[in-house]
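For the sequence shown, our numbering begins at 20 and goes up steadily by one.
All C-beta atoms in this analysis are idealised placements derived from N, C-alpha and C, irrespective of residue type, glycine included.
So the structure is just underneath, and the comments pick up after that.
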Amino acid sequence: MWDILILGGGPAGLSAAMTAVRRKKTAAVVSLPMEESAIYPSRLVENYPGVPSVSGRELLERMRAQAEALGVEFLSGRATAAMDMGQSFGVAIGNDYTEGRALILCTGADRSGAIAGERELLGRGVSYCVTCDGMLYRGKRTAVLGFTRDAESEAQLLRDMGCSVELFTKKGSYAILGEERVEGLRFNGAVTPCEAVFILRPSSAADTLLSGLSVDGGHITVNRSMETSLRGVFAAGDCTGEPYQLAKAVGEGNVAALSACAYLEKQ
Ligand SMILES: Cc1cc2nc3c(=O)[nH]c(=O)nc-3n(C[C@H](O)[C@H](O)[C@H](O)COP(=O)(O)OP(=O)(O)OC[C@H]3O[C@@H](n4cnc5c(N)ncnc54)[C@H](O)[C@@H]3O)c2cc1C
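Here's what the structure looks like:
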């Protein structure tokens, strides 16, 4: 039985795990391979404090090595269900099973509604974050698929960065075109040439892992202590909502772990 079980081994989960072990708790991270983290395909991260220019892969590798050196354990696989057992939480990992006294959900944004070309060209012109990647496309043609309320202001931010922007807000049939890099966007049969496609959508429901979890717009509802609606369950990172950014994910992971430690100490 682990003190704290963390679902998801991206920046939020790794940050939570490191804080947990520093607070003398046993902690295990259940995760799919590092390659599944949103940041992995990013060629260049320029806004993470203290690490001015690094690829997503290198940043993750460094975080993971740091976590291992501090004593975090890793359980590979997909968590398929979590159950409240009263005094603990049981987690199914494929055919395996493990238990923790507290749970931290760090499963990232659910991008299961991917459109054609989205996964293949992620990090090669497809982005979910104007603040992170907009400057890479200064002076270039971009398209924004804006399904969030801030779509117009995000498109304006890109224009302010010197990009030319086509904003698409209607639902319809989309495909992102290109082999090695984004070359265009097809919407209802019409092709718009562009070098980047920014997709702004609310992530889908995260409550399929753990029943009874409160979600809002597909994001897990949390308070400032990163407590969810369920006692003993905390959440951090992209799964709790925008902005989808590393610094926010890492900060929330830290807070969630401190709150989980405080919860265990009161038990
Ligand atoms: C192409 C790209 C470029 C980006 N560039 C930047 C940037 O320059 N700067 C910046 O600040 N942000 C950037 N971001 C955003 C950043 O990647 C995310 O905000 C950050 O990765 C969120 O961390 P996380 O730990 O919440 O989620 P993730 O990094 O997505 O990690 C979640 C992990 O949980 C795992 N997981 C999910 N469900 C399960 C399950 N059921 N069982 C086991 N494991 C599971 C996933 O496989 C994944 O490994 C970028 C995102 C993308 C897509």
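| Query | Result |
| --- | --- |
| Strictly by DSSP, which residues pair up with I239? | V234 |
| Would you call the CB atoms of G144 and G75 closer than 8 Å? | no |
| From I25 to Q286, what distance separates their C-alpha atoms? | 19 Å |
| Check M102 in the structure and name its three-state DSSP category. | strand |
| Any idea what DSSP makes of V110, helix, strand or coil? | strand |
| Which residue wins for smallest C-alpha separation from G96, given the options F206, G28, E202 and R250? | G28 |
| For V201, which option in Y67, A135 and G237 has the closest C-alpha, if you only look at C-alpha atoms? | A135 |
| Under a Cβ-count criterion, where at least 16 other Cβ atoms within 10 Å of its own Cβ denotes burial, should V210 be classed as buried or exposed? | exposed |
| Quick check on the DSSP output: the alpha helix (DSSP H) that includes S172 runs from which residue to which? | A170 to D179 |
| Less than 6 Å between C-beta atoms, sequence neighbours within five positions excluded: which residues of the same chain meet that for E118? | M20, S107 and G109 |
| Tell me the DSSP bridge mates of I218? | L164 |
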